[in-house]
Structures are given as structure tokens and as C-alpha cells.
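Here the protein sequences line up with chains Y and E, keeping their order. Residues in the first sequence are numbered from 1351 upward in steps of one, following this note's numbering. Residues in the second sequence are numbered from 1351 upward in steps of one, following this note's numbering. These notes are about the structure you will find just below.
Number of protein chains: 2
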Amino acid sequence: MENRKSNFSEWYNEIIDLAGLSDKRYPVKGMNVWLPYGLKIMQHIDTIIRRAVDSRGMQEVSFPLLITRDQLSVEFEHVAGFENEVFWVTRGGKQPLEVEMALRPTSEAAMYSMFPLWIRSHSDLPLRIYQIVNVYRYETKHTRSFIRIREIHFFEAHTAHRDYEDAERQMREYIDIWNEITDALCLPYRIDRRPDWDKFPGAMYTLAFDTVMPGGRTLQIGTIHQYGENFSRNYGIVYDDERGEHHYVSQTTFGMSERLLAAVIGIHGDDQGLILPPDIAPVQFIVVPIPSDRVDTLSFARDVASRASALGYRVRVDDRDNYTPGYKYNDWEMRGVPVRIEIGEREVSEGKVTLALRSIRGRRSFPLGEMQENLRKALADVKEEIMRRAREHFLSMTVELNDMKEARGKSGLVSTFWCGSKDCADALEREAELQVLGTVENEKKRGRCVVCGQDGLLTTVGRPY
Amino acid sequence: MENRKSNFSEWYNEIIDLAGLSDKRYPVKGMNVWLPYGLKIMQHIDTIIRRAVDSRGMQEVSFPLLITRDQLSVEFEHVAGFENEVFWVTRGGKQPLEVEMALRPTSEAAMYSMFPLWIRSHSDLPLRIYQIVNVYRYETKHTRSFIRIREIHFFEAHTAHRDYEDAERQMREYIDIWNEITDALCLPYRIDRRPDWDKFPGAMYTLAFDTVMPGGRTLQIGTIHQYGENFSRNYGIVYDDERGEHHYVSQTTFGMSERLLAAVIGIHGDDQGLILPPDIAPVQFIVVPIPSDRVDTLSFARDVASRASALGYRVRVDDRDNYTPGYKYNDWEMRGVPVRIEIGEREVSEGKVTLALRSIRGRRSFPLGEMQENLRKALADVKEEIMRRAREHFLSMTVELNDMKEARGKSGLVSTFWCGSKDCADALEREAELQVLGTVENEKKRGRCVVCGQDGLLTTVGRPY
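Here it is, written out as C-alpha cells:
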């Protein structure tokens, strides 16, 4: 790495190149190529997401990419919100299409035009589906890998319920799911209730999961939305209850994206490169044989690797013969492999294994026969240390704002009190370039609005990506 | 099922609906919704494909959906081949785009404009990558689920080699990979070398894997292409050899799609519905408790299921209480579950398990303690029986054509001799509506051309989907 992490923006771009995560030289702005290592990490993140939602009975589907103008025209407020950032397909072959079609920016319009065919009676509810697909947004702002792009790797869950209360239960379950996912990714976050003007178009309310990156910008890494009957009234999604009476369904959604990967890169990495939580590391253990004239370190390394692999771990032996062990150590450290297994003369002659952990100084040796417990513990220790550091980072980036005189130049996750008015939010933006991210959902506290002094709620403000 | 399989076209549409594989009521022609059960089967097919190519060192990537007109303009012959079936994105938000972009119909143009950045020296070769993505074709013909559609679930491998011989080795490896995949799916096929006018646009030659569906239409379920230097000369993909001399790379590709699922549905199914090969069945064992007043069949069923699940199988207990066991038997038979486990009073009181196999008559009982061996064997037997039937079907659909007088009305995989001329191919098409699929690659035999009587090669002709 040429850049230190304190130089965050350059560091971020450099590690994405060096580690082979994505290639942004593709000739369409904001559309990057997923390279093998980056794609694997994202697929492991997807696996964690699938496990969390599948185990709660959600079902995976896959809807078409294209949405007709008619489908989109149904719900005005929702569509208006995306009007300026949709790609339009207007021609097939050499013929203009009779009906123009949008590349999905999100799938409400695609799904909700099918829901009336699927939902007839109370026994069809709740309907709880999700998909993992790419969505497309014609971003005009500066693009940044995994953070602001035009082709976005996206998870979206959509549910329909018999009443608002059941939809609210779903909203609470989303938070459990979110905790499970962010625990695996070692990501701290705060839940902010977005102000009305910043909620998802068409939603009754939006809760956002905000985290903060080194450099002080906040990053929205997930959102859940309560739609109530806003969409079902527009798309005509109705069911018959036990007495044969018609009701509109209540709906919710949950969205997250490759920004999860951005957060993992940015929050956990260090001056040496990536640090990957064990659950998503494509290589959890890298085995490096140290060449010797006396013993066969390579076969021993392969033996160790196949034992680790039999225990269910993702392991690789670095048997490249044109690189020194030192080069290999640095290379795999840069790629964020949680644990390195070093196999030298002593390991072979004494029948033991030596580990070096990515985030913890010092080495650990133990007999070959004690691998199971030691490998398990090594990964657990790395994960704990990653989580500890991430929390420390999060805390250090969480600052208080009690007086507008101190507002200018504040960055990070800024906690303040706010009365809820657009005027005071505008003042914060105008005078200190701080945006209201919303009232803090998981810690309700009252105090005087930092702008006008009237009664307000604990609120997060910051400079979002 | 209302339709018998002898009524193939209706049967095919009906089972896709009934089993919940896909919903074609989506408002864009030829773009269907993948429903949970259908998507799961396809994902298991993808897993088999990934295993086959990953184990041979190929690397997965993911390229952007959009390809600029400039990228496409590089290679004339290739582009011309897709000109009439590409969807064009021409607007972003309310603005016309400066450069129009195509939804990928296949990814040569997307990938090969990046290859020059990745390939510089002989040490960068071979480059062997693949992706599993959707591709888009503006089909004007009648669409049919999983067979002819406008949004296609697609696998494409792309390789670059230092010379033609190494590319030829890759072509042979593709056939090994293909064998591994079709073995898991129990699909027989024939390898046909497509005539020049029917090879992939830009290829030196194309080998196609053809199978045949009930009803007699042939179905191309995979293709491999030798590009030689045709693309590398157009996209400028050059490497330096050990002596510093420049050479164009030789390239190959391998494509397959959700047509594999179409073949599985069409070839293996029967009057009762789907029959799924165990490797891709979302539910391999369905456990049906038969209600009893004397013993608790449901807890016993759950115990059996958790044992089977611990052995690594995909198992489900059908504990719905508003359906009879008979209804459940039919329902899961229709969905193609390979093995049903029936748990009645006798099973509980005698501590045993009874199996009914989807494709084999009769039942099998054994003590609970002998599950491991018996479950394994049950799946192996189902797979063997599916393969046996598929081969029988394939043979019964393979017919000979020795005389043009018998040509009209022939259907299936028709074996004949053909001299290689376009004139004779046209005559076959005109007089008998039989299309030349190509000379048989895995069985080279000479004989007199069925049209002109001159020297020819063993050739497959038929009516392809």
C-alpha cells in the first residue's frame, strides 16, 4: 500500500485495486467489473443474508429487470422520486418499443403489479419474499466503488400483511435480521428515523442503519420501510378476510446493498490493507511453507491445509515458487486473510503448527493434533478483535453537538437535539453543512433543539456519502 | 395435472404453473418471474456448474449489464449477428444518453474491451473466467418458458490462450465439464458441429450439445466456441512471449442457460408431474406423517427429518394439517421430489422408516438405525432410474433417415448423411422442414448425402425449438 489509512479516500481506492476487488476502468461510468476476489467476498455476504432471511421463512424470487412505463405510472409519489435517475430502454433491435421500459431502480413497481394475482385471501398472507439482483440508477453525482454507482448489487425484501400491526412485527424482525448480519460483518451502526422529506418515496416512515467511515462521512448501509397501505391502495392489492370483507394489505420492505462491502473495507482495514471478518473471507487460512533444504515443508503445508479443509474451513496453500515467504505474508495480509499458518523447519520436525493472526500481534504454536480447537479459536479471536476495533472506531467518530457555534467543521456521527422542523434542519445544513439523518430510534431522549432551543429529540446529523 | 405428457406442449406449460416454477403473467412479453421453487432448482443447477468449473481453476467474475455502442462496434461480424435482437438504453432520467448502450445479449464485447488491460504477458495466460448473469434478447418469435425468452439466465465462460493448441485443449476440457454437469442432471445429448452459416457470430467453429424433447423438437442446451484470433485481432488482445514478441491470444467460450432446466422438466417428467434428479431437487426427501390416534407420528417424522438433515440431505416435513396424506403424496410427486418418507403407526411402533421412490414402484422399509445407507441408496437408485429412462427416451427419439422420400414428417434427432453443401441443407429444409444441426462430432462416419448422393458425413437434422 502506498497510502496510509489516515489518507482515507486514496487508501480506499488503492486497496480496491490492489486486492483485486473491482475494476473501474470499464467504459461505462459507475459500472464496474466485479473481480474474482471481490465477487467472492460479496457472495459470502449474500450467503449470510440468505441464511438470516431463509431461516425466518422468507422466500427467494427473481423478478424481471424491465418495468414498463405503465407499471411505473401507477404510483405517482414513488415514481416521481426516481424520475431523474432511471435508465430507459426505448428500442428493440432497430424498432422503437411500443412501451418504453425502465431498468429497475428498485422493484416495488415490478412486484406490486403481480401481487394482486398472488394475494386473494387472508390465507395468502403474510407474503414475504426477497431477491438479490442488480438495480440501476442514473447517478449524476461523483461515483465511488461500492458506495455510489450506477449498477448496484442489491438485496430487497418485500412483505404484505393483513394489517398494520403485523407489518410492524415484520419491521421488528428486520432489526433482528439486521443484527445477525452486522454481527457476522462486525459492523456497528445506529438506527435513525429519517425525516419526512428524506424517507423512501411512498413510505409512511423509513428507518435507516447508519454507520460512519474513517474520514468522518456517514454511510447508510441499510433501510427498512413501513409502507402501510400507501402502495396497496395504488396497486390494488386487496384480500378477503374470514368474513369475506375486502381489505388493503399493509406492506414493508428492507433494502441493503454492496455498501455493506464498502463498510467492511473502510471500517476494518488498516495501513497494511484489508481485514476481513472470518465469515466472509474467501480464504480464512493461508498456509505459507517456508522453503527448507532439510525437510519438506510444502507437503506438510498441504497436509495441514487438507486437515483444515476437512474441518470445513476455506484454506489455501501459497505454493508459488517465485515469491519469498515475506512477500507472501504481506500479500495475504493486504488481502485481509484472517489467519496465516506458517510452516517452517521447526513446524515439520516438531509436528506442530504456527499461526499469525491478521489483527493481533504475536504468534501461536500448537501440536498438529490440536488443530480443531485452535483454528476455531483463532478465527473467533480475530472476529472479536475486529469487532472491538470497529466499536472503538465507531465511538471515536460519535461526537456531541450542543451549541451551533461548534457546529461548523464537525464530522462523524454527530449527536444533537432537534425540534423536527425543516427550518432548523435547513439551518444546520446552511450554517454547518450538516444533514439531519434522523431521530435516533434506539435511544429516545429529549432535549433543546440545537438551532431554535425548543423541545426536541436526540438526533443524528452528519455528512453522508 | 390435467394434461398427459403425450400432450407435451400443454403438459409443459401446466407443470411450470402447478409446480410454481415461474409466472409468465408479468407484463413484459418473454420476461417471467422466477418463483421460489423454480429459482431453487436453477440455483442448484448453478451450484453444479460452479463446482465443475471452479474445481478446474476457472474464476468467477461479474461484468456490467450495459455495453456501449463503441464497444459493440469493434467487431463487425459478431455485432451484426445480434443487431436485430438487442435492447437499447437511450435515455438516463429525462436526458438522452450521449452514447447509447445495449443490454448484453452475451458478453464478448463487454469482456474483450477489458482483456487488453488484463493481458500483457505470457504469464497472464491462460485467462479463464466465467459469469452467471441474465442476458437479454429482443426475441420476435413466439416465447416459451425457459426455452425462448427475452431475459435469459445464462452461464458464459471466456478464456484466452497463448496459442490455438492451448485453446483446443480448453475445448476438450469443456466437454469434460459438460459431461460432469449433464451426468448430475441425467441429460443425454449429442455433440453437433454446427454448419458455418449457423455457428456463433465470430467463431471459427461451434460445437453444440443437442438433446431432444418429447414431442420431437430438438433443443440446444449448450455450446462451445473456438474463436481462434477472430476476436483478439479486433479487440487488440495481445501478449508478449518469453522473447518479447507480440502475439494475438486464441479464445474460446462456453455458454449454457436455463434451457438446462427446460430439458430436465421436459425429459424427466411424467403424467404425475416433475421428476427431479436428486442433485438439484430443492427437497430430496419429503416426510409425510400419517395422522394416528395411538402414536405421535408427527414427532417421529420430525426426528427422522432431523436425522436425514444431519446427514446433509435437503429434507422437509409436510406438517400441514388441512390436507390428507394422499393429497400430500400427489402434491410432492407433482413437484418431483425424489423420495417420500412415510411415517405411520407401524413405522413408529416398530421404529422403522418406509420410503416410496418417485420413479420406482413399491416401497422400502428399514430400521431407523439403518438410515444412512438406505437414504443414500434410495437417491442413487432414483438417479439411475431417471438416467435409464432419459437414455431410453433419447434412443426412441433418435431415428435414421436414409431416403428423402421418408423425410417429410420425421421428427426427433434425425441421423442422416450430408455432403456439407448449403444447397442440400436448403433442400432438406424446403422439402421436409428439417434443419441441419451439424455433423456428429462424437461419431464420425461417412456415407452418401441423403439429398445429392455424394460423399458425406453422419449428420443430425431436426426441428429445433
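Think of the CB as a built atom: it goes at the ideal place given N, C-alpha and C, for glycine as much as any other residue.
When the Cα atoms are used, E/Asp-1404 and E/Ser-1699 turn out to be separated by approximately 47 Å. Nearest to E/Ile-1499 by alpha-carbon distance, out of E/Glu-1592, E/His-1618 and E/Lys-1379, is E/Lys-1379. For Y/Ile-1531, there is no enclosing beta strand (DSSP E); the residue is found in the alpha helix (DSSP H) stretching over 1514-1535. Neighbourhood of E/Tyr-1488 in chain Y, by CB distance below 7 Å: Gly-1442 and Gly-1443, in chain order.
Under the Cβ criterion of 8 Å, Y/Tyr-1376 is counted among the residues facing chain E. Under a criterion of Cβ atoms nearer than 7 Å, the residues of chain E adjacent to Y/Asn-1484 are, in order, Leu-1415. The alpha-carbon separation between E/Pro-1446 and Y/Val-1436 amounts to approximately 12 Å. With at least 16 other beta carbons inside 10 angstroms of its own, Y/Ala-1460 counts as buried.
Distance from E/Lys-1355 to E/Pro-1564 at the Cβ level is roughly 6 Å; contact confirmed, criterion being Cβ atoms closer than 8 Å. Below the 7 Å Cβ cutoff, chain E contributes Val-1411 and Ser-1412 as neighbours of Y/Trp-1384, in chain order. In this chain, Y/Lys-1355 is not harboured by any beta strand (DSSP E), its DSSP state being neither H nor E. Any Cβ of chain Y closer than 8 Å to the Cβ of E/Thr-1397 would place that residue at the interface, and such an atom is absent. Of all residues in the segment 1455-1470 of chain Y, only Ala-1460, Met-1461, Ser-1463, Met-1464, Leu-1467 and Trp-1468 place a beta-carbon less than 9 Å from a beta-carbon of chain E. Linking Y/Leu-1751 to Y/Tyr-1598 through their CA atoms gives a straight-line distance of about 43 Å. Put simply, of E/Asp-1643, E/Pro-1377 and E/Trp-1384 the residue whose alpha carbon is nearest the alpha carbon of E/Leu-1611 is E/Trp-1384. E/Asp-1404 sits in a helix when the DSSP states are folded into three classes.
DSSP lists no beta-bridge partner residue for E/Gln-1622. At a Cβ-Cβ threshold of 8 Å, Y/Ala-1728 and Y/Asp-1629 do not count as neighbours. Each residue's CA atom was taken as its position, placing Y/Tyr-1488 and Y/Glu-1501 some 9 Å apart.
Here E/Val-1732 carries a helix assignment [DSSP, helix/strand/coil]. Of the candidates Y/His-1618, Y/Arg-1713 and Y/Lys-1795, the residue whose Cα lies closest to the Cα of Y/Ala-1740 is Y/His-1618. One finds Leu-1415, Leu-1416, Val-1439 and Leu-1453 in chain Y with Cβ atoms closer than 9 Å to the Cβ of E/Leu-1453, taken in chain order. Sequence-distant Cβ neighbours of Y/Arg-1657 in its own chain, meaning closer than 7 Å and more than five residues away, are Met-1721. For Y/Gln-1634, no CB of chain E lies under 8 Å from its own CB, so it is not counted at the interface with that chain. Considering only beta carbons, no part of the segment 1505-1516 of chain E lies closer than 8 Å to chain Y.
What Y/Gln-1421 touches in chain E, judged by beta-carbon distance under 7 Å, is Pro-1377, going in chain order.
As the crow flies, the alpha-carbon of Y/Arg-1666 is around 28 Å from that of Y/Glu-1530.
For Y/Met-1521, no chain E residue has a C-beta closer than 7 Å to its own C-beta; the minimum C-beta separation is roughly 23 Å. Under the DSSP definition of a beta bridge, E/Ile-1497 lacks any partner. Contact with chain E is absent for Y/Val-1703, since none of that chain's Cβ atoms lies less than 8 Å from the residue's Cβ. Under the DSSP definition of a beta bridge, Y/His-1492 lacks any partner.
For Y/Val-1424, not one C-beta of chain E is nearer than 8 Å to its own C-beta. Contact of Y/Met-1381 with chain E by beta-carbon distance below 8 Å involves Pro-1414, Leu-1415 and Leu-1416.
If the five residues before and after Y/Arg-1470 are omitted, its C-beta is found closer than 8 Å to the C-beta atoms of Tyr-1589 and Asp-1590, all from its own chain and listed in chain order. Residues of chain E with a Cβ closer than 8 Å to the Cβ of Y/Glu-1501 are, in chain order, Pro-1414, Leu-1415 and Leu-1416.
Between Y/Glu-1692 and Y/Val-1732, the C-beta gap is not smaller than 8 Å, which leaves the two residues out of contact.
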